[in-house]
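First residue of the sequence shown? That's 27 in my numbering, and the numbers climb one at a time after it.
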Amino acid sequence: MHFVTYAPPPPLGRFISLLWYYAAPELPDLLERVLPNGSVSLLINLAEDELRWYDGDGASRCHRVSGVALCGAHAEHFTIDTAEQRLIVGAEFAPGGAYSFFGPEVEALGGAHVSLDALWGREAALVRERVLEAPTPDAKLRALGAALAARLDRSRERDPAVAFALAAFADPERAYTVGDVTGQLGIPPKRFIRSFTEQVGLTPKRYCRVRRFQQALTAIERGERVSWAGVAAACGYYDQAHFIHDFRAFAGLTPTEYTARRRERNHVPLGG
27 MHFVTYAPPP PLGRFISLLW YYAAPELPDL LERVLPNGSV SLLINLAEDE LRWYDGDGAS
87 RCHRVSGVAL CGAHAEHFTI DTAEQRLIVG AEFAPGGAYS FFGPEVEALG GAHVSLDALW
147 GREAALVRER VLEAPTPDAK LRALGAALAA RLDRSRERDP AVAFALAAFA DPERAYTVGD
207 VTGQLGIPPK RFIRSFTEQV GLTPKRYCRV RRFQQALTAI ERGERVSWAG VAAACGYYDQ
267 AHFIHDFRAF AGLTPTEYTA RRRERNHVPL GG
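(1) What beta strand (DSSP E) runs, 3 residues minimum, are completely inside the stretch 57-98?
(2) Are the beta-carbon atoms of A95 and L57 separated by less than 8 Å?
(3) When the Cα atoms are used, what is the spatial distance from R232 to H89?
(4) Would you mind sorting I213 into buried or exposed? The rule is 16 or more other CB atoms within 10 Å of its CB.
(5) Excluding the 5 residues preceding and the 5 following W146 in the sequence, name in chain order all residues of the same chain whose CB lies nearer than 8 Å to its CB.
(6) Determine contact between the stretch 109-124 and the stretch 65-77, defined as no fewer than three beta-carbon pairs at a distance below 8 Å.
(7) What residue range is occupied by the uninterrupted alpha helix (DSSP H) comprising F128?
(8) Contact between the stretch 29-36 and the stretch 241-260 is defined here as three or more beta-carbon pairs at a separation below 8 Å; is this criterion met?
(9) When the Cα atoms are used, what is the spatial distance from G205 to F41?
(10) Can you tell me the Cα-Cα spacing of W46 and G171, whole angstroms?
(11) Could you give the C-beta distance for T108 and P186, rounded to a whole number, given that I count them as a contact under 8 Å?
(12) Alpha carbon to alpha carbon, how far is G129 from E183?
(13) Taking the alpha carbon of F195 as the reference point, which residue from F273, H271, T229 has its own alpha carbon closest?
(14) Relative to the C-alpha of E224, which candidate in G262, T105, A124, L174 has its C-alpha closest?
(15) What separation, rounded to the nearest whole angstrom, lies between the Cα atoms of N292 and P161?
(16) Terminal residues of the continuous beta strand (DSSP E) containing L45?
(17) Cβ atoms of V294 and A99: under 8 Å apart, would you say?
(18) What first and last residue would you give for the alpha helix (DSSP H) that runs through L113?
(19) So for V252, helix, strand or coil by DSSP?
(20) Apply the 10 Å Cβ neighbour rule to E118 and answer buried if 16 or more other Cβ atoms are within range, or exposed otherwise.
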């Protein structure tokens, strides 16, 4: 396996958390559940010009998009085919960062996978070509970064209220609620929720739930011996039962099942 990451510097780094290259020719061919993280991602399959994802009972429904696609902010798990993950490049946008590239489409993308050409036209195929032509993993990431920088629209900056809320929700010292944030901002809740959802792709409440779920995954990854009651308390759940219920809602698994079956963070093989 060859995994290369690059955190772009400002100004691009204000909008994109991470660019990454992943090559794993040894990866077995199986279906794998991907858990929600609340972020918007751009994916480029370098092995074939198609990406597939699955949903429905037993991942029975297959959906196909082009080899350059946008994965909107999700609050539900979905399934991928690992045969396509053997050579792939991606970009993970910072919370609210995709808005400066795609505008109000970010809200419509919530929970969806969309071929990039539906948003950028022929430019989407050109992006894939430039990345394919780059000779090394580092060069491929630079090519993707340059393509994204060219599409950055600085006139579509995040609403200051949304930026304030995202920073508050990320504060590890306090469990800010949506009510806390709107109270500090002094703006009508409906107006705040409308702006936040348009720019982040999830409502503030769902975003906070996904973020808390991701905090629980971080705690699981850190602990050699995991106390579920301790994780629940550390991540702001009412009690252990609330934690397990929320975890199952997002992962389709109990925390114990996730710990035993995960391949890497947010990825759970379904067979093989």
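Glycine residues also receive a C-beta, built at the ideal position from the N, C-alpha and C atoms. Keep in mind the model is a prediction, meaning the values are calculated, not measured.
Result, derived from the coordinates:
(1) 57-60, 67-71, 76-81, 87-92, 94-97
(2) no
(3) 24 Å
(4) exposed
(5) V153, R177
(6) yes
(7) 125-128
(8) no
(9) 26 Å
(10) 10 Å
(11) Actually they are not in contact, since the Cβ atoms of T108 and P186 sit about 41 Å apart, beyond 8 Å.
(12) 9 Å
(13) T229
(14) A124
(15) 30 Å
(16) 42-49
(17) no
(18) Note, L113: premise wrong, no alpha helix (DSSP H); beta strand (DSSP E) at 113-119.
(19) coil
(20) buried
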